[in-house]
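Colleague:
There are 2 protein chains.
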Amino acid sequence: MANNAYAQLRGLHRQAGTLGSLGSLLGWDQETYMPHGGAAFRSEQQGMIAAMAHEKRTSKQVGDLIAECEGDKALLSDPAVAANIREMRRDYDLATKLPGELVAEIARTTSLAQEAWKLAREKDDFGAFSPWLEKVLGLMRTKAGLYGGGGELYDALLDEYEPGMTGAEIGGIFTPLQGRLSGFVAELVGSKHQPVDVLAGMDVPNERQHAFGLEVLRGIGFDLGTGRLDTTTHPFCSGIGPGDTRLTTRYGTTSCLEPLSSTMHEAGHGLYEQGLPKGEHFGEPLGDAVSLGVHESQSRMWENFVGRSRVFWGWALPVAKRHFGPVFDGATVEGVYGAVNRVQRSFIRVEADEATYNLHVMLRFGLERDLVSGALAVKDLPGEWDKRFKVLFGLEVPDNRRGCLQDVHWSCGLIGYFPTYTLGNLYAGQFWEQIHKDLPGLEGEIARGEFSSLLGWLRGKVHAHGRRYRAGELCRLVTGRPLTPEPFMRYLEGKLRPMYKI
Amino acid sequence: MANNAYAQLRGLHRQAGTLGSLGSLLGWDQETYMPHGGAAFRSEQQGMIAAMAHEKRTSKQVGDLIAECEGDKALLSDPAVAANIREMRRDYDLATKLPGELVAEIARTTSLAQEAWKLAREKDDFGAFSPWLEKVLGLMRTKAGLYGGGGELYDALLDEYEPGMTGAEIGGIFTPLQGRLSGFVAELVGSKHQPVDVLAGMDVPNERQHAFGLEVLRGIGFDLGTGRLDTTTHPFCSGIGPGDTRLTTRYGTTSCLEPLSSTMHEAGHGLYEQGLPKGEHFGEPLGDAVSLGVHESQSRMWENFVGRSRVFWGWALPVAKRHFGPVFDGATVEGVYGAVNRVQRSFIRVEADEATYNLHVMLRFGLERDLVSGALAVKDLPGEWDKRFKVLFGLEVPDNRRGCLQDVHWSCGLIGYFPTYTLGNLYAGQFWEQIHKDLPGLEGEIARGEFSSLLGWLRGKVHAHGRRYRAGELCRLVTGRPLTPEPFMRYLEGKLRPMYKI
């Protein structure tokens, strides 16, 4: 009986998901609390778990059960169930293309490569990292080859993060957008009206920033009973499992409000994780995020569309003043609003403003695509990075720490991941316009620190569906149109043109 | 070829150990950082890992390989290898008596029971905990029945923690010791010369206590590059795997030096874990601790024999002064030495002094033995606890938080565990006498903050062997005699009689 097959299939997915959750916890722990000496063994643990999860996901039993369900018309008449089975098939067909030993090898290698990257970045030593990048890149090329698909190798990697999207398609969006953004940035930085950095020199101890961040988290609806906030070099969000979603942020950065941006960014991911129907569907496609682009739309929306808006600071500034004390006495909403929206060409992606951010992403997209195709050799990466950076930003990269060693992604095997950051901005822009149509009172609510109708909209329109719809389909369903960069550009120009008087 | 079988067997043990290490990390995380809302899923994770580790440990392949090795005389001619195989056989025979579903059920239930215990203790609500204790006790009785062994059920549980020891044997040691200790405690508390609590009212912020604790850890040789120190309600040590040993402690207790005692106690366990030859033998008996009694001998030695000695404070007091600031200005070695050795009848085991501590253990030993035999019903536990406490300590237990709800152990399924605490004191006493014979300059070294010859002795005589020798055999090997309470009593009386002038 197929209903029974479906129940079994769901059970097996939950088991594989539970194994995956152990990998997530191992990864979270490695970045937060694991002693350095545990790195070698951690790689062994990750390799074992990855192999076991892969074995569960690719078992003949899973394949047989999927086939059985696919033959049951009554079962498939429920569109949610049909979508669940469609995505299970996709995952199964992809996973069975990879031998378990490769999956384990990737887990072990990236666990070690990440440690090597940390040290190399600290010491600004690309030479110490390049053999690891070679290894990771080799494994990714092998994986992409096994995935196949007929297009360029890069597409197969991208497809893991943004199902159905290709490098060419992204190139088609990015190339004109890059031109528009570069022009716009030139206008902005050339304007005589530059917002003043009223936050410069304001020093706020980490504990106060942490307390402020926690209050904002509570305010926007992140549940700290099923989540937490820690500190890491590179902030991230890990949805470990039902009832357990962890954010990290970092303090001690150049501006006292940057930690809040990191925290709100990760909270956007975390709210999505908390909003997925994991209680019922953990480990199944219906309990999983639709794509990284959509995931990133949530983080960028909370970080930027909300967190860098004037109305948000109407609510958040008094909260900040309560936590930060006298140093913030003179701060005004207008002053903070200007300061957190300053546009500057700079070296570090995660500290970049909304206008230049996508240029950082486009740089990485081009480089990683060339690394995968073989057009760019690892040894030439620093030089090529610096050269392209000069063209895009007009700046000389002073060292690799502020150049090609700044991001953790490639050491983790996350190749094909970067473009989803810009896709996230574009999805966020398009959602944001729709949200304002659907919730005309939203600006006033945010100014009063009320975020529940915004969160409710996201929960209902995006989070609740899991992978029921593909990203493009979801975008059309929610906004009535396919994804375009127009709403994002309207949002960006609508905010920055008046501010810079251009 | 049996050598190949032995290599395979070791590989399988390392895999099972690696799965076990995931359970340890899950447990550590549950007590330190897991959000409360993750408890239900955590129990699912623990259940899955326990079942998988059990499956690995009990596979027919393991059984066949052990049998093959047992038949290879050349292989067994190496006594370390022979011991490794002997203990693999023991573990295998025990593990194969338990069905996987029971092992998973125990892991799931104790993970939840621990959360229930936390809440029940907070609210002083035994009624909320008792159904969980019933469940855990039922599972433990089932397990003990399956282990068999012919003696009382309790023996089968005890045997997991202290291989070869029986309830009757422990009763034979404890009963006369209880008499001696009770009499000695009566003399001590009746003396007119009571050391003054010079620490009373000295309030030291947690961060300073933490920094002090870390400096002492470094001083005694605990490697913070392969370990760490966190805060939990109930301090513990978790040897997660090679290069990863984690301690916890707690602050905000009644006396400002109690946190150090907790920290040094757990560090004693941690030094043992760091001293085990896990690089080569992780997951094998040769890389594992010999028994909980011997494990506890290490923690009690560092906590008490070292940490409550006059010479230790000769070194540690200036360190404490540096961290604690003006509040400690007037403290003297004699004053602190007296204060940390005050003997008082009190309610909480983990805060008890060295003389009364073992009475707390004996109370629990008697009660849990009766719970397992059925002579005591769970519902009668609070009343019986209070009654026996009154007999032993002459005090009325004011509430269950300070009575039968104070310890985490039973919620974790750790039944048969408590007596190993007192065995640990006795082993420590006997080792300590031997150490002083072998290292005549030790007192002077400790006074100068030099701990390397003490740690070297423990490493060579105890840690390096793993489970090569059983506990009793190790004791005889190291001290030339079987375990007796005499050295411990000599140590205790030698310290406290002069102090109390009795």
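So the sequences go chain by chain: A and B. Residue numbering for the first sequence follows numbering that gives the first Met the number 0, starting at 0 and increasing by one per position. Residue numbering for the second sequence follows numbering that gives the first Met the number 0, starting at 0 and increasing by one per position. Ideal placement from N, C-alpha and C gives every residue a C-beta, glycine not left out.
1. Is the distance from the Cβ of Pro241 of chain A to the Cβ of Gly465 of chain A below 8 Å?
2. Would Phe487 of chain A be called buried (16 or more neighbouring beta carbons within 10 Å of its own) or exposed?
3. To the nearest angstrom, report how far apart Ala354 of chain B and Ala6 of chain A are at their CA atoms.
4. Is the region 270 to 282 of chain B close to the region 226 to 238 of chain B, with three or more CB pairs under 8 Å?
5. Would you say Leu24 of chain A reaches chain B, if we count a Cβ-Cβ gap shorter than 8 Å as a contact?
6. List, in order along the chain, the chain A residues whose C-beta lies closer than 7 Å to that of Phe40 of chain B?
7. For the putative contact between Ala338 of chain B and Leu495 of chain B, defined by C-beta atoms under 8 Å, what is the C-beta separation to the nearest angstrom?
8. For Thr225 of chain B, return the contacting residues in chain A, with the cut-off set at a CB-CB distance below 9 Å.
9. Would you report the Cα separation of Gln429 of chain A and Leu482 of chain A, rounded to the nearest angstrom?
10. Between Asp154 of chain B and Val289 of chain A, what straight-line distance do the alpha-carbon atoms span, to the nearest angstrom?
11. Taking the beta carbon of Ala470 of chain B as the centre, do at least 16 other beta carbons fall within 10 Å, making it buried, or is it exposed?
12. With a cut-off of 8 Å, does the C-beta of Thr17 of chain A fall near any C-beta of chain B?
13. Which residues in chain A have a C-beta closer than 7 Å to the C-beta of Ser20 of chain B? List them in chain order.
14. Using a Cβ cut-off of 7 Å, pull out every chain A residue sitting near Asp287 of chain B, in sequence order please.
15. Flag Gln29 of chain B as yes if its beta-carbon sits less than 8 Å from any beta-carbon of chain A, otherwise no.
16. When we look at the beta-carbon of Ala376 of chain A and count the other beta-carbons within 10 Å, is it buried (16 or more) or exposed?
17. Does DSSP classify Asp243 of chain A as helix, strand or coil?
18. So what does DSSP say about Gly226 of chain A, is it helix, strand or coil?
19. Using a Cβ cut-off of 8 Å (strictly closer), state whether Gln208 of chain B contacts chain A.
20. Counting only beta-carbon separations shorter than 8 Å, does Gln14 of chain A have a partner in chain B?
21. Mind the definition here: the region 42 to 58 of chain A touches the region 309 to 324 of chain A only if three or more C-beta pairs lie below 8 Å; say whether that holds.
22. Are there three or more Cβ pairs, one per stretch, closer than 8 Å when the region 194 to 214 of chain B is compared with the region 244 to 263 of chain B?
23. Closest Cβ-Cβ distance between Met0 of chain B and chain A: below 8 Å?
24. Quickly, what does DSSP pair Ser237 of chain B with across the bridge? List them, please.
25. So the candidates are B:Met47, B:Tyr146, B:Arg400; which of them puts its Cα closest to the Cα of Leu118 of chain B?
26. Quick test of your reading: Ile445 of chain B and Trp314 of chain B, contact by CB under 8 Å. State the CB separation rounded to the nearest angstrom.
27. Buried or exposed, going by whether 16 or more other CB atoms sit within 10 Å of the CB of Asp63 of chain B?
28. Could you name the residues of the same chain whose beta carbon sits closer than 8 Å to that of Val310 of chain A, not counting the 5 residues immediately before and after it, in chain order?
29. What do you reckon, are the CB atoms on Glu159 of chain A and Thr17 of chain B nearer than 8 Å?
30. Going along the chain, which residues of its own chain have a beta-carbon closer than 8 Å to the beta-carbon of Met0 of chain A, five neighbours each way excluded?
31. Considering only C-alpha positions, which residue in the set A:Lys378, A:Glu104, A:Thr174, A:Asp71 is nearest to Leu404 of chain A?
32. In chain order, what are the residue ranges of uninterrupted alpha helix (DSSP H) at least 4 long that sit wholly in the region 91 to 138 of chain B?
33. With DSSP collapsed to three states, give me the class of Gly306 of chain B.
34. What are the start and end residues of each continuous alpha helix (DSSP H) run of 4 or more residues lying completely inside the region 385 to 472 of chain A, in chain order?
35. Could you pull out every unbroken alpha helix (DSSP H) segment of at least 4 residues lying fully inside the region 16 to 86 of chain A, listed in chain order?
36. State the DSSP-derived secondary structure class of His192 of chain B, mapped to helix, strand or coil.
Modeller: In this structure, then:
1. For the purposes of this step, residue 241 of chain A is identified with residue 242 of the first sequence, where counting begins at 1. For the purposes of this step, residue 465 of chain A is identified with residue 466 of the first sequence, where counting begins at 1. Result no, Cβ atoms of Pro241 of chain A and Gly465 of chain A do not sit closer than 8 Å.
2. Taking the first residue of the first sequence as position 1, residue 487 of chain A is located at position 488. Per the 10 Å Cβ criterion, buried.
3. Translated into the one-based positions of the second sequence, residue 354 of chain B becomes position 355. Translated into the one-based positions of the first sequence, residue 6 of chain A becomes position 7. Distance between the alpha carbons of Ala354 of chain B and Ala6 of chain A: 59 Å.
4. yes
5. Translated into the one-based positions of the first sequence, residue 24 of chain A becomes position 25. Taking Cβ atoms only, chain B reaches closer than 8 Å to Leu24 of chain A, which makes this a yes.
6. Locating residue 40 of chain B in the second sequence gives position 41, where the first residue counts as 1. Chain A residues near Phe40 of chain B: Gly240, Pro241, Gly242, Asp243.
7. Position 339 of the second sequence, counting from 1, holds the residue named residue 338 of chain B. Position 496 of the second sequence, counting from 1, holds the residue named residue 495 of chain B. Ala338 of chain B to Leu495 of chain B, Cβ: 14 Å. No contact.
8. By 1-based counting over the second sequence, the position of residue 225 of chain B is 226. By Cβ distance, chain A contributes Pro34, His35, Gly36, Gly37.
9. Indexing the first sequence from 1 puts residue 429 of chain A at position 430. Indexing the first sequence from 1 puts residue 482 of chain A at position 483. Distance between the alpha carbons of Gln429 of chain A and Leu482 of chain A is about 7 Å.
10. Along the second sequence, read from residue 1 onward, the residue named residue 154 of chain B stands at position 155. Along the first sequence, read from residue 1 onward, the residue named residue 289 of chain A stands at position 290. Roughly 54 Å between the two C-alpha positions.
11. Reading the second sequence from its first residue, position 471 is the one you call residue 470 of chain B. Under this definition Ala470 of chain B is a buried residue.
12. Position 18 of the first sequence, counted from the first residue, corresponds to residue 17 of chain A. It does: the Cβ of Thr17 of chain A has a partner Cβ on chain B nearer than 8 Å.
13. What you label residue 20 of chain B is simply residue 21 of the second sequence in a count that begins at 1. Residues of chain A passing the Cβ test: Gln44.
14. On the second sequence, residue 287 of chain B is found 288 positions in, with the first residue counted as 1. Those within 7 Å of Asp287 of chain B in chain A number zero; the least Cβ separation is about 15 Å.
15. Within the second sequence, residue 29 of chain B is the residue found at index 30, counting from 1. So no, Gln29 of chain B is outside the interface.
16. The residue labelled residue 376 of chain A in the question sits at position 377 within the first sequence. Ala376 of chain A comes out exposed.
17. As a first step, residue 243 of chain A must be located in the first sequence, where it is residue number 244. Strand, per DSSP.
18. Within the first sequence, the letter at position 227 stands for residue 226 of chain A. Looking at Gly226 of chain A - three-state DSSP - the assignment turns out to be strand.
19. Locating residue 208 of chain B in the second sequence gives position 209, where the first residue counts as 1. Cβ-Cβ to chain A under 8 Å: no for Gln208 of chain B.
20. As a working mapping, residue 14 of chain A is identified with position 15 in the first sequence. Yes, its Cβ sits closer than 8 Å to a Cβ of chain B.
21. no
22. yes
23. Numbered from its first residue, the second sequence carries residue 0 of chain B at position 1. Low local confidence applies: a pLDDT of 47 at Met0 of chain B is under 50, so the model's placement there is unreliable, with the coordinate-based value given in what follows. Taking Cβ atoms only, chain A never reaches closer than 8 Å to Met0 of chain B, which makes this a no.
24. Here residue 237 of chain B refers to the residue found at position 238 of the second sequence. In the DSSP output, where bridge partners are listed per residue, Ser237 of chain B has B:Arg245.
25. Walking along the second sequence from the start, residue 118 of chain B turns up at place 119. Closest in alpha carbon position to Leu118 of chain B, among B:Met47, B:Tyr146, B:Arg400, is B:Arg400.
26. Sequence index remark: in the second sequence, residue 445 of chain B carries index 446 (1-based). Sequence index remark: in the second sequence, residue 314 of chain B carries index 315 (1-based). Indeed they touch by this definition, with Cβ atoms about 7 Å apart.
27. As a working note, residue 63 of chain B is residue 64 in the second sequence. So Asp63 of chain B ends up on the exposed side.
28. As a position in the first sequence, residue 310 of chain A is number 311, starting the count at 1. Here the set comprises Glu442, Gly443, Ile445, Ala446.
29. Here residue 159 of chain A refers to the residue found at position 160 when the first sequence is read from its first residue. Here residue 17 of chain B refers to the residue found at position 18 when the second sequence is read from its first residue. No. Outside cutoff.
30. As a working note, residue 0 of chain A is residue 1 in the first sequence. With a pLDDT of 47 at Met0 of chain A, under the threshold of 50, the predicted position of this residue should be treated as unreliable, though the coordinate-derived value follows. Answer for Met0 of chain A: no residue qualifies.
31. Working through the first sequence from its first residue, we reach residue 404 of chain A at position 405. It is A:Lys378 whose Cα lies nearest to the Cα of Leu404 of chain A.
32. 99 to 121
33. Along the second sequence, one-based indexing puts residue 306 of chain B at 307. Three-state DSSP puts Gly306 of chain B in coil, outside helix and strand.
34. Listed in chain order, the complete alpha helix (DSSP H) runs (minimum 4 residues) inside the region 385 to 472 of chain A are 418 to 437, 441 to 446, 451 to 460.
35. 38 to 56, 59 to 69, 72 to 75
36. To locate residue 192 of chain B, count along the second sequence from 1; it is residue 193. Here His192 of chain B sits in coil by DSSP.
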